[in-house]
Each structure stands twice: as C-alpha cells, then as structure tokens.
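Reviewing the structure listed below.
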Amino acid sequence: MAVLSKLLEEISYECVRGTLDREISDIVYDSRKVMADCLFVCIAGAKADGHRYAAEAAKAGAAAILVQREVELPEDSDVTVIRVENTCYAMAFVSAAYFGHPAKEMKIIGVTGTKGKTTTTYLVRSILEQAGRKVGLIGTIEIIIGETHIHAENTTPQSYLIQKYFRMMADEGCDTVVMEVSSQGLMLHRTQGFVFDFGIFTNLEPDHIGENEHKDFDDYLHCKSLLFKQCRVGIVNQDDDHWKAVTEGCTCQLETYGIDSPASLRAEDISFLNEKGSLGMSFTVKGLAEFPVTIASPGKFSVYNALTAIAICRHFGVDSEDVRRALSLAKVKGRTETVWVSDDFTLMIDYAHNAMALKSLLETLRAYHPHRLVCLFGCGGNRARSRRYEMGEVSGNMADLTIITSDNPRTEEPQAIIDDIKTGIGRTQGSYVEICDRKEAIAYAIDHGEPGDIIVLAGKGHEDYQEINGVKYPMDERVLIREILEERA
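Last residue of the sequence shown: 489 (this note's numbering), numbering continuous.
Below you can see the structure in the form of structure tokens.
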C-alpha cells in the first residue's frame, strides 16, 4: 500500500475530484484487472481508450483514477480523479514511486537501435556475470530475474511492469540491469521515471514505420534519440550515418565505437572463422582498450555486437580475460545460433523474418564462401503479403537452394502463403523445393546437406510455437532437430 499524494510527488497534476489522502493497493491500467483501492490509469491506446472504462473502474472499487481528459463517473462515487497532461508519462513516475524507485539501487543499461539489441544485451549479461556481477535482463525474448525466466510480450514492457521487474531484480540481489529499449517504448514514455546509467545506440535503418507505429523515418529517429536525454553516459556506433542526428541535443557524456571510423573504441584485424560446422569471427580491440577477441557467431554485425558489449562492460572494470572468455562462449537463442549436426556442414537458426533481415543474414553467410547456401523459411499469416514476395525474391537471388515451408500460418491456409512466396522466387532464377510441414522441411535440409554447406533456418529464431487458427502449438526448432537426428540414428 502507498499514499496517493506520495505517488504523485514527481509529476505535475490537478486533483479535480476527491482527496489525495488515500491508500493505494496497486496501479492498474487494464480495466479488467481493477481491484479495490487501486489507482486506475486511463491509457488512450491504439486499440482501446481507458477513459471509456473510468465509470466501471469506480464501480469496481478503484480509489483513484488518473486521466488526461474529462470522464463520466457515477454521481455517488467517492473516487479521487487526478488529471495530467499525459497518462502514459505520469504512470511511469507513479509506478517508480509505488515500487520504491528500485532503479536507484542498481546500474541500468539501455540498448536501442534497429538491429543488435537482443544479442548485445545477452553479451553484456554474459560478460558482467562472468566478472561476478548479478545481472537482470529485459528484452524481446524474455525477462531474466535470477533463475526466473518470464516470457516477454513486448521488447520494452509497459512502465508499470518495468518498475515491477526492477523491484523483483533488486530484491533478488541484482546490482545491474541490461534492457532493450525500443522506439515504441521511448515514444510511449515506458522508460520514464528513472535515469539510465548507460544508453547505447547500435544502428538505424527504416523499420517500424506505418499505422500504429511511426509515421515516418524522422519520427522513428526522433524517438530513438530520446534515450540520450535520459541517460548519464551515451555510447554510440560512429559508423552509423545517423549517430550525430540521434545524439543531437543530448544531455549525456558521449563515447563512440566502430570499425570503419576513427572511434574511441575500435575493432581491427577482423577475420572470418569456419571450423567443423561452426562459424565465428576474430578481431583485435583497439583504442580505449586493447586485446584480441574470438566470438562464436558469424559476420561483421557480430563484431559490432561484441564491440558494443565491450564498450559498455569497460565501464564496469571487467578484466580483459573475463571479457574474452565470456564472448567466446556466449550464444543468443535464435540469433545466428549454430546447432551442431555434422562436422561437414553448418546448420543455424535465425530470427530473420522480413526481407531486410534475411538479405543481411544471407550476405553475412555468403562471406564464408559456402559450397552451397541453403535457406529454409516461411512467412506468417495475417500479415502483409508483400513480405512474402520480398522474402521469396531475396532468397531466390541469394541462396543456392530455398526450402519453402510453413511459419505461423495463423488463420490463413499454409499453401496460400507458400504460393505467395513462390511468386517472389519466380522473379529470380533461384532453385527451390516446397515442403509445408516444417519438421519434414528441416529433415530434408539435414538429409541433403553437402560438405561445405551453410544451412539457415530463418524466421522462427527464439520462438517455440507454431500458431494455427488462433492456437499456439509447441514447436521448437532445436527440439525438431534433435528428434530428426534421433530418428536417423
């Protein structure tokens, strides 16, 4: 329980009805979860407006309601009404106060950018834990609190959940939190209510532009830039063309890293490694730190991810040997994740599920000069059909063999989705086979693997389900691979 007046201390507000001297049992922003004596926050979302449910919340026993416009309430209700300019912004500060400002008890690291957020956060966690710190993680795949793993619904959760997780982490003994910070999270004020100790910018490409996201690229860039107005130290990729625009007007100390620019922390002497069904990279760190590094993931973007993690962990006084050891062992589920099946060829799983990501992935793997580059993928149902044509065309142009299969058909017929992908491949000279059942398709890829091949299973990544007609059925590609190998044995 907390006193309402205490929860409001860090925001500007107007009490338009009732008293501030009320005990608050919890903060709720979903009208279906209103409980006695809670503070109900009216969020004007893309699909629903909480202001429409203010009367219901009052009848259900809410002690107070936080609004940004007038609401209709029962005349006999004694509910307190607090009006603010923006309820999303206000909820972040109120939630921080409700949970006792847990961010002040830990070092908070926020990573933003179009690509590399997930991998970087896991690398940072791996390095810092190798050095003896206890690190919580919030990201696209999951929330990690000690031994507890919670499935993630959003890359950056609602502000109330962030503060709840922070409190759980602090109580669990975490001294550091590393989290992915999406442009949506910044735009919707989910990361307000605390200050990041470190804010990191990886890169920026056109993405998340459209209805219910960002109106244009400038808006997308602006939202990314907000991180550097709420962190103490900013660490940015100087090789990215947008780094100056992203940090314009920043209020933090700035550091840079890169490969192709004279950044303060650099990767030099980069080499590609391909040994016994596993791909990797080696390079030498120069500038603010100097030591050699080997990583067990492929491509130049993996070097960027590792360099980003090094740039962050340098501030924690981590020994270079601990950094090297952690990076050599670190694997991120579903991000160029190698799954050993043979010394003769390489099989990996990756989350690439749009044309831009697939093109980048296949370009990366081409640099290893495979005997054949084999790409297995499908496309999700109830999504833009253009994505299917585009991914089909990319794979047809860049892979030696495409295996078209199913991936979350949702309420569509899998064969109809496959036919759309074939339309895209039909614009190329690429060879392909179609096998609708994903397990059968993976078995085909393994059974027909040739020495020197690189086979990539694209699209599912960390996902462990297949969604068909609104039902999510368990389906983890790692499990499928293991079953296939056991059946062959």
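Where a beta carbon is used, it is the ideal one built from N, C-alpha and C, also for glycine.
Whole-angstrom distance between residue j and residue i, CA atom to CA atom
i: C436; j: I109; result: 42 Å
i: E35; j: P262; result: With the sequence shown as reference, residue 35 is identified as Met, and Glu is not the correct amino acid for it. Distance between the alpha carbons of M35 and P262 is about 56 Å.
i: E486; j: F201; result: 43 Å
i: V236; j: V111; result: 10 Å
i: R482; j: S278; result: 17 Å
i: V479; j: E363; result: 27 Å
i: L401; j: V374; result: 5 Å
i: Q61; j: G258; result: Strictly speaking, residue 61 in this sequence is Gly, with Gln absent from that position. Taking the straight line from one Cα to the other gives about 55 Å.
i: A267; j: A57; result: 56 Å
i: K33; j: I65; result: 14 Å
i: Y98; j: A2; result: 7 Å
i: V433; j: L307; result: 39 Å
i: C67; j: D218; result: Per the sequence shown, residue 67 should be read as Val rather than Cys. If I take the Cα positions, the gap works out to 29 Å.
i: F283; j: D269; result: 5 Å
i: L254; j: F196; result: 13 Å
i: R125; j: C174; result: 11 Å
i: D260; j: S395; result: 28 Å
i: Y444; j: H369; result: 22 Å
i: H462; j: V323; result: 25 Å
i: A245; j: L123; result: 27 Å
i: H208; j: A357; result: Low per-residue confidence applies at H208: pLDDT is 49, beneath 50, and the placement is therefore not dependable, though the value from the model is reported in the following sentence. Each residue's Cα considered, the two are about 13 Å apart.
i: P474; j: K460; result: 12 Å
i: T247; j: N203; result: 12 Å
i: T121; j: F198; result: 12 Å
Other residues of its chain near residue i: CB distance less than 6 Å, five sequence neighbours each side excluded
i: T119; result: N305, V332, R335
i: K276; result: D343
i: F93; result: E10, I11, G193
i: D171; result: none
i: V28; result: V34, C38, F40
Rounded Cβ spacing between residue i and residue j (contact assumed at less than 8 Å)
i: I310; j: A289; result: 7 Å
i: T251; j: Q238; result: About 19 Å separates the two Cβ atoms, so there is no contact after all.
i: A55; j: D37; result: Their Cβ separation, rounded to whole angstroms, is 17 Å, which puts A55 and D37 out of contact at 8 Å.
i: A441; j: T405; result: 4 Å
i: T176; j: K107; result: 5 Å
Status (buried if at least 16 other CB within 10 Å, exposed otherwise) for residue i
i: N469; result: exposed
i: P409; result: buried
i: R488; result: exposed
i: I138; result: buried
i: N291; result: For the sequence presented, residue 291 should be read as Phe rather than Asn. Result: exposed.
i: E477; result: buried
i: P298; result: buried
i: D241; result: exposed
i: G50; result: buried
i: A285; result: Reading off the sequence shown, one finds Val at residue 285, where the question assumed Ala. That one is buried.
Cβ neighbours of residue i in the same chain (closer than 8 Å, five flanking residues each side left out)
i: S360; result: K115, F301, A352
i: R366; result: L373, M398
i: R314; result: L265, L288, A289
i: S25; result: M1, M35, A36, D37, C38, A63
i: G492; result: No information on residue 492 is available, as it lies outside the stretch 1 to 489 that the chain covers here.
Residues of its chain near residue i, where Cβ-Cβ distance is below 7 Å and the 5 sequence neighbours each way are ignored
i: Y53; result: S31
i: M187; result: C223
i: N274; result: Y368
8 Å Cβ cutoff, residue i in contact with chain B
i: E205; result: Protein chain content of the structure displayed is limited to a single chain, and chain B is not contained in it.
Practice prompt. Determine contact between the stretch 220-236 and the stretch 132-146, defined as no fewer than three beta-carbon pairs at a distance below 8 Å.
Written response: no
Discussion item. Check whether the stretch 443-460 and the stretch 336-349 are in contact - that is, three or more C-beta pairs closer than 8 Å.
Written reply: Judged by pairs of C-beta atoms under 8 Å, the stretch 443-460 touches the stretch 336-349, as three or more such pairs exist.
Worksheet entry | Stretch pair the stretch 17-26 + the stretch 68-87: three plus CB contacts closer than 8 Å | They touch, by the three-pair rule.
Discussion item. For the stretch 31-49 against the stretch 161-168, do three or more pairs of beta-carbon atoms, one drawn from each stretch, fall closer than 8 Å, so that the two count as touching?
Written reply: no
Worksheet item: Do the stretch 98-109 and the stretch 141-154 meet, that is, are 3 or more Cβ pairs less than 8 Å apart?
Response: In short, these stretches do not touch, since the Cβ pair count stays below three.
Discussion item. I'd like to know if the stretch 417-425 and the stretch 386-393 are in contact, where contact means that at least 3 CB-CB pairs between them fall below 8 Å.
Written reply: yes
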